[in-house]
Amino acid sequence: MLPQAVPLDPLLLWLSPIGLGLIGLCVGSFLNVVIHRMPLMMERTWKLEGAELLGLPPPAELAGVAPLSLLQPRSHCPSCGHGIRWFENIPLLSWLWLRGRCSACRAPIGLRYPLVELSTGLLFALLAWRLGPHPVVLAWCGFVALLVALSGIDWDTTLLPDSLTLPLLWGGLVASALGWTLPLETAVWGAVAGYLSLWSVYWLFKLATGKEGMGAGDFKLLAALGAWLGWQMLLPIVLAASLIGAVVGIALKFSGGLHEGRYVPFGPFLAGAGLVVLFAGSERVTGWLGWT
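Numbers in the working numbering are just positions in the sequence shown, counted from 1, shifted up by 100.
Here's what the structure looks like:
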C-alpha cells in the first residue's frame, strides 16, 4: 500500500523562500511607484498648502491636473504616455521581454526598475530562509520594503518622508510590544538613542560650521532602525554607513557624478547598514567588532 501524500499548508508555502521571493518581486514593482510618485505628491502638496497659506490661487501648473496618488493614474511611459498593460508590468520578466524599452516609443526603461524588484524579492527570500515560515517574517518584510523605498527616494531627492519613516518607527515599537522582535525596553531605548545621537551630531556640526550636515529624516530613520534592531546595533550601523558613504562620495567626486552643491544622502547607507546587521545577526556583528 502506497503512503498517502501529505497536503502542503498554503501558508507555509507562501512563507517559504520561493513564496516570499515571488511576493517580494510584486512588492518591489509597487515600491518603484512609491519611489517615483511620493516626492511628486509631496511637492504638489507643498505648493497647494503654500498658496493657501498666502491666500493665493493654486499654482498655474497644477490647474486642471489630474490628482496624483500611489494608485491613480495608472502607470504609463513618461516619454510618450503609453499606458502600461498588465503583461508589460510583470515584475522583472516584462523588463526582460521588452529589452528595457517602452513597447510604443522604444524609450529606455531605467535599469533601476528591475533592480528594485529583484533586490526586494531576494531580501524577502533571505528573510524567509533566515527566520523560517513564521508569520512574524511578514513584519520584517514590511521593515525591509520601507527601507528600500526610503533609500530610493532619498537617493533621488535627499528627502526621507515622514509618511514612511514614522510608520517604520512606530511599527518597530508595536512589533516589540507584541513580542515579535526585541524586548520593549530595548526597542524604546533604541529609538531614543537613534534619534538623539544624530540630532546631537547635527547641532554640533551646525554650531561649529553654521551649515546643516544632514536632515531630520536621518534622525527618524536611525530611530526606526534602533526600534527594530536595538540600541546595541546603533554604533555598528552608523560606523558602517559612514564608511560606505565616504567611499561612495569620494568615488562619485572623482568620477564627476557628484556635482557642485549636491551631497550624497546618508539615508541609503543607514538603510543598507541596517540590513547588514539584520541578516548578519547581533552576535556576529559584535564578534566582528571584537565586543563581548
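Cβ coordinates follow ideal geometry from the N, Cα and C atoms, glycine included.
- The beta carbon of residue 213 sits closer than 7 Å to those of 132, 195, all from its chain and outside the five residues before and after it, given in chain order.
- Residue environment: residue 336 is assigned as buried (16 or more neighbouring CB atoms within 10 Å of its CB, all protein chains considered).
- Residue 272 and residue 204 have their C-alpha atoms spaced approximately 44 Å apart.
- Nearest to residue 293 by alpha-carbon distance, out of 318, 161, 141, is 318.
- Measuring C-alpha to C-alpha distances from residue 302 to each of 315, 291, 208 identifies 315 as the nearest.
- C-alpha of residue 290 to C-alpha of residue 191: approximately 36 Å in a straight line.
- Residue 305 and residue 296 have their C-alpha atoms spaced approximately 14 Å apart.
- For residue 136, the secondary structure class from DSSP, reduced to helix, strand or coil, is helix.
- At the C-beta level, residue 282 and residue 330 come within 8 Å of one another.
- Contact fails between the region 337-357 and the region 229-243, because fewer than three Cβ pairs, one in each stretch, are under 8 Å apart.
- Residue pairing by DSSP places residue 183 opposite 176 in a beta bridge.
- DSSP places residue 315 in no alpha helix (DSSP H); its state is neither H nor E.
- For residue 166, no alpha helix (DSSP H) segment is defined, and its DSSP state is neither H nor E.
- Within the same chain, and ignoring the five residues on either side of residue 266 in sequence, the residues whose Cβ sits closer than 7 Å to its Cβ are 320.
- In this structure, residue 147 sits near residue 162, with a CB-CB distance shorter than 8 Å.
- Shown here, residue 230 sits in a helix according to DSSP, grouped into three states.
- The C-alpha of residue 198 is placed about 8 Å away from the C-alpha of residue 188.
- Residue pairing from DSSP leaves residue 283 without any beta-bridge partner.
- Residue 143 and residue 391 have their alpha carbons spaced roughly 45 Å apart.
- Note on geometry: alpha-carbon atoms of residue 288 and residue 217 lie some 32 Å from one another.
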